[in-house]
Amino acid sequence: MLRHRQLPVHSLQSSIIIIIVISPRTADTSSLGLLIGIIITTMVVYAVLILNKAGGLIYQRDFNPGLQKLSSNDYLILAGTFHGVHAITSQISPTNETSSSGLEVLESENFVMRCFQTLTGTKFLIFAEPRQQNLDVVVRRVYELYADYVMKNPFYQIEMPIRSEGFDRHLTSYIKPHQ
Amino acid sequence: MNRDPSPFRTASTASTATSPTPKYANLTASTNLRYSLTRKSIYDRHLNRTKTSELSKSAFAFLFGEMVQYAQKKVYGVQDLEKKLNLHGYAVGQRFLELLLWRDGRTAKRETRILGILQFISHQLYRAIFQKQADTLEKVRENEDEYMISDNDPVVNTYISVPKEMSQLNCGAFIAGIIEAVLDGHCFPAKVTAHTAPNEMWPGRTVFLIKFEPEVLEREALRVGS
Amino acid sequence: MSSTSRARLGEEVWKLRTDKINAELVTLTYGSVVAQLCKDLDGDYAEVNKQLDKMGYNIGLRLIEDFLAKSNMQQKCANFRDTADVISKVGFKMFLNITPTIANWSSDNKQFSLLFDENPLADFVELPDDGKAQSELWYSNMLCGVIRGALEMVQMSVDAHFVSDVLRGNDTTEMRINLIRYIEDEMPQDDE
Amino acid sequence: MVVYSFFIFDRHCECIYIRQWLNNTPSVAQPLSRPVTASSVATVATSVAEKPAPGSRLSMAEQAKLVFGVIFSLRNMVKKLCGPEDSFLCYRTGHYKLHYYETLSSLRFVMLTDIRTESLKSSLHQIYVNLYVEYVVKNPLSPVEHAGGEGVNNELFELGIDGFVRTID
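Residue numbers (full-length UniProt numbering), protein chains in the order written: chain H, 1 to 179; chain F, 1 to 226; chain G, 1 to 192; chain V, 1 to 169.
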């Protein structure tokens with residue numbers, strides 16, 4: 001029952017192929033192309049972190065080996081530090097733009113991190129293999145899954161740590177096949 | 001047996017004889033309600049106006065979620081919560097049944113057999129509300145009075161993750177309430193409950209267990225006999 | 001962004017990025033919620049209004065994320081007029097498939113009305129003939145709370161309330177939205 | 001490509017050199033007339049350092065302090081997440097990109113550019129090897145430590161940096 005379709009590869013590096021799989025199993029039934037797990041064959045996502053608007057860590061999950069294992073306390077500290085740094089990175093902007101965004105992409109020798117801050121102040125941090133250019137696609141999809149399986153879950157309390165089996169499941173089925 | 005908690009009336013007054021809907025006696029008599037002179041009242045609008053209209057599933061999910069949260073504040077334990085959701089579903093089911101039968105018009109027929117009514121639920125009713133059929137309809141082998149309708153992915157549960165400490169809860173109790181109302185409306189009184197029964201493909205698979213009252217089975221036996 | 005491009009965005013999100021559900025299910029479920037409140041609060045409609053607003057507010061706090069995620073809006077609105085446009089043409093469009101008319105701007109551009117030609121929540125509804133519901137109950141009051149909650153999450157403190165409703169025998173259904181203030185960005189403490 | 005500014009921090013976390021360019025034309029160099037450190041800068045009231053940098057709401061000294069705070073935190077974060085072998089290279093916001101290079105002797109070179117600029121890791125390394133070592137370290141008149149930027153803002157180094165920025169262009 002699997003139907004495979006290939007989409008035009010726009011704005012992405014040519015080495016990256018997006019295959020859209022319409023599967024009766026995918027329970028995330030967003031419309032059209034979003035029903036769908038997007039498999040980006042060359043991408044490896046290491047981890048996903050979510051910070052609430054006060055800088056508190058509300059979600060941390062490793063998907064592939066690549067980062068060190070930290071204690072949960074260390075993650076909390078890291079999140080708090082990053083939250084502060086993020087605010088300063090917009091302050092030290094040398095340009096005159098009025099709406100100054102904070103850090104969006106961070107690169108080290110061994111990983112790249114995409115940070116997406118929503119207009120509500122929630123931050124999504126995606127850690128992946130170095131030199132990934134298309135993490136924007138991933139981060140948007142993670143935001144959508146968050147809107148669906150965290151925000152629409154009546155048992156989730158806003159701003160609190162996310163313990164949502166549905167979110168875990170859909171995130172895994174979206175991110176894991178990337179390797 | 002009026003389980004309808006609503007002080008409101010639905011616009012559809014085409015009642016099936018058996019439906020436990022409120023009395024409509026004061027509808028025509030002396031109403032003190034004000035109506036806009038320039039706007040059509042609900043009595044002037046065609047009942048099929050919204051037959052095919054759609055809203056976003058998100059809107060429903062948020063509304064349903066808030067309903068669950070509100071109900072949760074006033075209950076003792078999972079069973080009580082499911083009961084509340086069941087009652088909400090019941091109120092919705094009563095009204096849907098009216099609409100459905102009215103829309104069937106002349107082709108509407110009264111289901112008199114257990115299998116008939118269960119098929120009506122898992123096909124027509126399910127399609128009308130959820131745009132799909134229920135996934136299976138089975139008889140419980142051990143118990144004469146029990147049947148099961150299963151739904152691999154109930155619409156109300158799509159975005160819900162039940163916390164571990166409430167693992168017995170299935171918010172599909174709302175749909176169970178809808179089913180119960182429709183059975184009641186057809187004079188097949190029954191208790192309907194929702195149970196999580198996941199399989200590998202469908203982690204949210206839900207079974208609605210329908211347990212008929214004894215009189216239903218008695219009547220069925222008589223009809224088989226005749 | 002112009003008003004027409006907002007409208008286009010709303011259409012696009014509704015058509016391509018929104019899962020749909022039977023409208024009557026939503027309508028009847030909302031009715032069941034209101035009915036339950038009327039029962040729980042013993043017909044104290046002022047309290048029912050308050051509770052509906054509160055529930056809406058809770059929804060708004062969450063719904064904003066769905067709105068932003070699906071509409072892919074990443075820029076703050078330029079001004080409150082723009083915000084009104086987005087609420088009507090994108091927000092209402094993508095959740096309830098309606099675009100209420102924006103009208104009656106105050107001279108300082110901080111207050112406007114939404115006129116609801118259609119209100120899917122109120123299809124099938126007639127208020128109880130008890131002599132007071134029609135003058136006390138705002139049946140769709142949850143919508144006010146949703147707007148208040150959602151805007152608060154994007155740094156706008158507003159007041160929203162209905163001023164008329166066809167269910168009460170008025171010729172229009174009108175919601176008034178009033179910008180109280182923009183909430184300052186929360187900056188982290190400088191803990192150096 | 002546009003280079004906005006360039007900072008050097010020494011092993012004491014002190015800012016020993018700041019340079020700013022406006023629209024890619026070299027602006028007047030901004031030597032620091034008094035010691036400016038990440039920790040002491042707030043209290044130092046000096047002429048140049050306290051003036052808001054062009055195109056910025058902050059004085060250059062304040063900016064240097066914040067820049068150091070950011071790179072220091074991010075550098076530590078990277079090492080925490082990926083082990084001490086890993087090193088922080090750069091980040092970008094919607095408006096600018098910050099490039100970072102750290103020597104084994106804990107000198108830190110930081111360059112702010114527009115976001116289209118490719119990685120400047122090797123360029124910063126070149127600045128270290130060809131300019132800093134040549135004109136500062138080997139300069140017999142320059143002190144070993146550069147408190148307040150002493151000995152860094154010499155003419156040859158300045159010219160070298162200007163020339164270099166033009167070549168990156």
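Ideal Cβ positions, reconstructed from N, Cα and C, are used throughout, including at glycine.
For residue i, return the contacting residues in chain V, with the cut-off set at a CB-CB distance below 7 angstroms.
| i | result |
| --- | --- |
| PHE82/H | MET77 |
Are the C-beta of residue i and some C-beta of chain G separated by less than 8 angstroms?
| i | result |
| --- | --- |
| TYR147/F | no |
| LYS123/H | no |
| LEU49/H | no |
| ALA176/F | no |
| THR182/F | According to the sequence displayed, residue 182/F carries Val and not Thr. No, VAL182/F lies away from the interface with chain G (no Cβ there is under 8 angstroms from its Cβ). |
Run the CB neighbour count on residue i, radius 10 Å, all protein chains shown included, and call it buried at 16 or more, exposed below.
| i | result |
| --- | --- |
| HIS88/F | buried |
| PRO154/H | buried |
| HIS170/H | buried |
| ASP159/G | exposed |
| VAL186/F | Per the sequence presented here, residue 186/F reads as His, with Val not at that position. By the 10 Å Cβ count, HIS186/F comes out buried. |
| GLN168/F | exposed |
| PRO120/G | buried |
| LEU96/G | buried |
| ALA17/F | Only weak support is given to the placement of ALA17/F: the predicted model assigns it a pLDDT of 42, under 50, and the value that follows is read from those uncertain coordinates. Exposed, since its Cβ has fewer than 16 Cβ neighbours within 10 Å. |
| PRO163/F | exposed |
Could you check the C-alpha separation between residue i and residue j for me, to the nearest Å?
| i | j | result |
| --- | --- | --- |
| THR101/G | ARG62/G | 25 angstroms |
| PRO143/V | SER106/V | 17 angstroms |
| PRO189/F | GLU152/G | 47 angstroms |
| TYR135/V | LYS121/V | 20 angstroms |
| LEU89/V | ALA61/V | 23 angstroms |
| CYS13/V | ARG116/V | 29 angstroms |
| ARG148/G | THR173/G | 18 angstroms |
| THR206/F | CYS171/F | 10 angstroms |
| ARG11/V | LYS70/G | 48 angstroms |
| VAL163/G | ALA23/G | 25 angstroms |
| ILE87/G | VAL152/V | 57 angstroms |
| MET156/G | LYS76/G | 11 angstroms |
| GLU104/H | ARG114/H | 6 angstroms |
| GLY89/H | ASP66/G | Going by the sequence as given, residue 89/H is Thr instead of Gly. Approximately 27 angstroms, taken between the alpha carbons. |
In chain F, what lies closer than 8 angstroms to residue i by C-beta?
| i | result |
| --- | --- |
| GLY169/G | LEU33, ARG34, TYR35, SER36 |
| PRO120/G | THR50, SER53, LEU55 |
Is there a C-beta anywhere in chain H that falls below 8 angstroms from the one on residue i?
| i | result |
| --- | --- |
| ASP66/G | yes |
| ASP10/V | no |
| SER41/F | no |
| ARG6/G | no |
| CYS15/V | no |
| TYR132/V | no |
For chain F, find out if any of its Cβ atoms is closer than 8 angstroms to the Cβ of residue i; answer yes or no.
| i | result |
| --- | --- |
| GLY33/H | For GLY33/H, the predicted structure reports a pLDDT of 40, less than 50, and the residue's modelled location is therefore unreliable. The matter cannot be settled from this model. |
| GLY149/G | no |
| ASP129/G | yes |
So is residue i in contact with chain V if we call contact Cβ pairs under 8 angstroms?
| i | result |
| --- | --- |
| THR172/H | no |
| THR118/H | no |
| ASN52/H | no |
| GLU104/H | yes |
| LEU135/H | no |
Could you name the residues of chain F that residue i contacts, counting a contact when the two beta carbons are closer than 9 angstroms?
| i | result |
| --- | --- |
| MET153/G | Correct list: empty, because the minimum Cβ distance to chain F is about 14 angstroms. |
Just the chain H side, please: which residues come within less than 9 angstroms of residue i by C-beta, in chain order?
| i | result |
| --- | --- |
| SER161/F | TYR149, VAL150, ASN153, PHE155, TYR156, ARG163, SER164, GLU165, GLY166, PHE167, ASP168, ARG169 |
| HIS146/V | Chain H residues near HIS146/V: none, gap ~23 angstroms exceeds 9 angstroms. |
| VAL67/V | ILE88, ILE92 |
Output, in chain order, the set of chain H residues within a Cβ distance shorter than 7 angstroms of residue i.
| i | result |
| --- | --- |
| HIS125/V | Neighbours of HIS125/V on chain H: none; closest Cβ ~14 angstroms, over 7 angstroms. |
Give the interface partners of residue i over in chain G, defined as CB-CB distance under 7 angstroms, in chain order.
| i | result |
| --- | --- |
| THR95/F | It should be noted that the sequence gives Arg, not Thr, for residue 95/F. What ARG95/F touches in chain G: LEU28. |
Along chain G, which residues have their Cβ under 8 angstroms away from the Cβ of residue i?
| i | result |
| --- | --- |
| LEU99/F | GLU24 |
| GLU144/H | ALA69, LYS70 |
In chain G, which residues lie less than 9 angstroms from residue i when you measure between Cβ atoms?
| i | result |
| --- | --- |
| ILE210/F | Ordered by position in chain G, no residue passes the 9 angstroms Cβ test against ILE210/F, which lies about 21 angstroms from the chain. |
Along chain H, which residues have their Cβ under 8 angstroms away from the Cβ of residue i?
| i | result |
| --- | --- |
| residue 183/V | A query on residue 183/V cannot be resolved here, the shown segment of chain V reaching from 1 to 169 and no further. |
* Asked: What residues from the segment 158-170 of chain H come within 9 angstroms of chain F, judged by C-beta to C-beta, listed N to C?
  -> Contact annotation: in the segment 158-170 of chain H, residues whose CB is within less than 9 angstroms of a CB in chain F are ARG163, SER164, GLU165, GLY166, PHE167, ASP168, ARG169.
* Would you list, in chain order, the members of the segment 56-76 of chain H that have their beta-carbon closer than 9 angstroms to a beta-carbon of chain V? => The residues in question are GLY66, LEU67, GLN68, LEU70, ASP74.
* Asked: Listed from N- to C-terminal order along the chain, which residues in the segment 14-39 of chain G have their beta-carbon within a distance smaller than 9 angstroms of any beta-carbon of chain F?
  -> Identification of residues in the segment 14-39 of chain G having a C-beta nearer than 9 angstroms to some C-beta of chain F yields TRP14, THR18, ASP19, LYS20, ILE21, ASN22, ALA23, GLU24, LEU25, VAL26, THR27, LEU28, THR29, TYR30, GLY31, SER32, VAL33, VAL34, ALA35, GLN36, LEU37, CYS38, LYS39, given in sequence order.
* Asked: Quick one, which residues of the segment 47-77 of chain G are near chain H if we go by CB-CB under 9 angstroms, in chain order?
  -> Taking 9 angstroms as the Cβ-Cβ cut-off, the segment 47-77 of chain G approaches chain H at ASN58, LEU61, ARG62, LEU63, ILE64, GLU65, ASP66, PHE67, LEU68, ALA69, LYS70, ASN72, MET73, GLN74, GLN75, LYS76, given in chain order.
* Return the residues of the segment 50-74 of chain F that lie within a Cβ-Cβ distance of less than 9 angstroms from chain G, sorted by chain order. => Cβ contacts with chain G come from THR50, LYS51, THR52, SER53, GLU54, LEU55, SER56, LYS57, SER58, ALA59, PHE60, ALA61, PHE62, LEU63, PHE64, GLY65, GLU66, MET67, GLN69, TYR70, ALA71, LYS74.
* Could you please tell me which residues of the segment 187-204 of chain F, in chain order, have their CB closer than 8 angstroms to any CB of chain H? => Cβ contacts with chain H come from MET201, TRP202, PRO203, GLY204.
* To do: Output, in sequence order along the chain, the residues in the segment 86-98 of chain H whose CB is closer than 8 angstroms to any CB in chain V.
  => Here the close residues are ILE88, THR89, SER90, GLN91, ILE92, SER93, PRO94, THR95, ASN96, GLU97.
* Taking a cut of 8 angstroms between CB atoms, which residues from the segment 114-143 of chain F lie near chain G? -> Sequence-ordered contacts of the segment 114-143 of chain F with chain G read ALA128, ILE129, PHE130, GLN131 [C-beta pairs closer than 8 angstroms].
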